[in-house]
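Residue 136 in numbering that gives the first Met the number 0 is what sits at position 137 of the sequence shown, and the numbering runs on without skipping anything.
We put the CB at the ideal spot given by N, CA and C, even for glycine.
These numbers come from a predicted model, not from an experiment.
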Amino acid sequence: MSSPIGARAGAAVVVAAVLAVLALVITLIVVLASSEVAARPRCTITAPPDSPGLPATWTLSPEQADSAATIAGVGRRLGVPDRAVTVAIATAIQESGLANLRGGDRDSLGLFQQRPSQGWGSEDEILDPVYASTAFYEALLQVPGWATMDVTVAAQTVQRSGFPEAYADHEPEARLMAVALLGQAPGAWTCTDLPATPAADPSTAAVAELAAAELGTRRLSGAQDPEDGWALATWLVAHAERLALESVTFDGRTWTVASGAWESGGPADGQLALRRLGQP
């Protein structure tokens, strides 16, 4: 017959073993969760020094980065003022979170939640981010005095939202995205932990076609002046997942999908180049 002391000792051993196993399981869960978060694809924009009114950094998903690049790219093709790009991005953040939504309030669709019933175009047209961005800019530029309006007033005049003050909440990050995508903040836009094996592999011709549709040019290599070169380089990095890019180089600095950062590696020669994943 076992003694009470022996029974208590045995129970203590069992409890200790169970607690040790639980501690190990919890540790593994925490480590795995941390690894998953760390490996999640993301893009980050860092504000230039001495940039009052801008957040120091802003992080967004590759999908959001892709949408912002399209909006800014279309703005460059149309030759709109820089402020119009800020207004457009702030509007899309509020309306869709920079996602090309296939639904919304009533018949609202797309990046800007435009409505076919209100004359914005057909469903297929509105769900084309290039068409939707073009339509937004065209409507904005027709608003008398839009350039001197607060961002929220200009956006509301176009959108006629039920929450007219909400656009102002997104002006700082929209300005930061616009500054980077317009080439005014060299190396400010990075994307990290993008897949090294793309889900889709667009042809070189498809890359050029996207550039033509959004930017109005197929020329994505060769000599560029600093602002145009950084605008194109940033556009490429923001689209890197969709375009299956391995690296983007401008003016002696290179972003790679492996490092996710801009690194110096050559002469500051004003040359733009890109390399696609798997390209020989």
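According to DSSP, residues forming a beta bridge with residue i
{"i": "T216", "result": "Answer is none; T216 lacks a bridge partner."}
{"i": "Q113", "result": "L108"}
{"i": "A222", "result": "Q270"}
{"i": "R41", "result": "T191"}
{"i": "T56", "result": "T45"}
{"i": "T255", "result": "S246"}
{"i": "W229", "result": "Paired residues: none, contrary to the question."}
{"i": "R76", "result": "According to DSSP, which records beta bridges pairwise, R76 is partnered with nothing at all."}
{"i": "S263", "result": "R252"}
{"i": "R159", "result": "Looking at the DSSP assignment, R159 forms no beta bridge with any residue, so it has no partner."}
{"i": "R275", "result": "L244"}
Contact check, residue i vs residue j, beta carbons under 8 Å
{"i": "V84", "j": "L181", "result": "yes"}
{"i": "W119", "j": "T189", "result": "no"}
{"i": "L97", "j": "Q63", "result": "yes"}
{"i": "T317", "j": "E164", "result": "This structure cannot settle anything about residue 317, because the visible part of the chain is limited to 0 through 279."}
{"i": "L126", "j": "R101", "result": "yes"}
{"i": "C131", "j": "Q113", "result": "Per the sequence shown, residue 131 should be read as Ala rather than Cys. In this structure, Q113 lies closer than 8 Å to A131 by Cβ."}
{"i": "E170", "j": "P54", "result": "no"}
{"i": "E122", "j": "P115", "result": "yes"}
Whole-angstrom C-beta distance between residue j and residue i, which should lie under 8 Å
{"i": "A38", "j": "V86", "result": "Rounded, the Cβ-Cβ distance is 35 Å, inconsistent with contact."}
{"i": "L193", "j": "P61", "result": "7 Å"}
{"i": "A91", "j": "H238", "result": "That pair is no contact at about 16 Å."}
{"i": "L276", "j": "A204", "result": "Not quite, the Cβ-Cβ distance comes to about 16 Å (not below 8 Å), so this is no contact."}
Of the residues the options, the one placed nearest residue i, counting alpha carbons only
{"i": "A207", "options": "P143, M148, L244", "result": "L244"}
{"i": "D65", "options": "S263, Q278, L242", "result": "L242"}
{"i": "I88", "options": "R75, R174, T156, Q117", "result": "R174"}
{"i": "P40", "options": "P266, G259, G269", "result": "G259"}
{"i": "T45", "options": "R274, A187, D123", "result": "A187"}
{"i": "S95", "options": "P185, Y166, A71", "result": "Y166"}
{"i": "G78", "options": "D49, Q117, E137", "result": "E137"}
{"i": "T255", "options": "A267, D268, P266, A272", "result": "A272"}
{"i": "G221", "options": "Q270, S202, E240", "result": "Q270"}
{"i": "I70", "options": "P51, A134, T156", "result": "A134"}
{"i": "P185", "options": "T43, L209, T233, A210", "result": "T233"}
{"i": "L139", "options": "Q223, P80, G265", "result": "P80"}
{"i": "A267", "options": "S121, E240, D224, Q278", "result": "D224"}
{"i": "R159", "options": "Q93, Q278, G72, G265", "result": "Q93"}
{"i": "P47", "options": "V178, V157, P143, G103", "result": "V178"}
{"i": "E124", "options": "E240, D168, W145, N99", "result": "N99"}
{"i": "A210", "options": "G74, G103, M176, W57", "result": "G74"}
{"i": "D168", "options": "G52, C42, T43", "result": "G52"}
{"i": "L59", "options": "G144, W145, T191", "result": "T191"}
{"i": "G72", "options": "S263, M176, G264, T156", "result": "M176"}
{"i": "R82", "options": "D49, G144, R274, G103", "result": "G144"}
{"i": "Q282", "options": "Q155, R76, D149, S246", "result": "Outside the shown range of the chain (0 to 279) lies residue 282, about which nothing can therefore be said."}
{"i": "S50", "options": "R76, F162, Q183", "result": "Q183"}
Closer than 7 Å: residue i CB and nearest the ligand ZN heavy atom
{"i": "A243", "result": "With respect to the ligand ZN, the structure shown offers nothing to examine, as it has no ligands at all."}
Within-8 Å CB hit, residue i to chain B
{"i": "G265", "result": "Note that chain B does not occur in the displayed structure, where there is just one protein chain."}
Three-pair Cβ contact test at 8 Å for the stretch 207-215 versus the stretch 101-115: no
At least 3 beta-carbon pairs within less than 8 Å: the stretch 224-231 vs the stretch 243-251: yes
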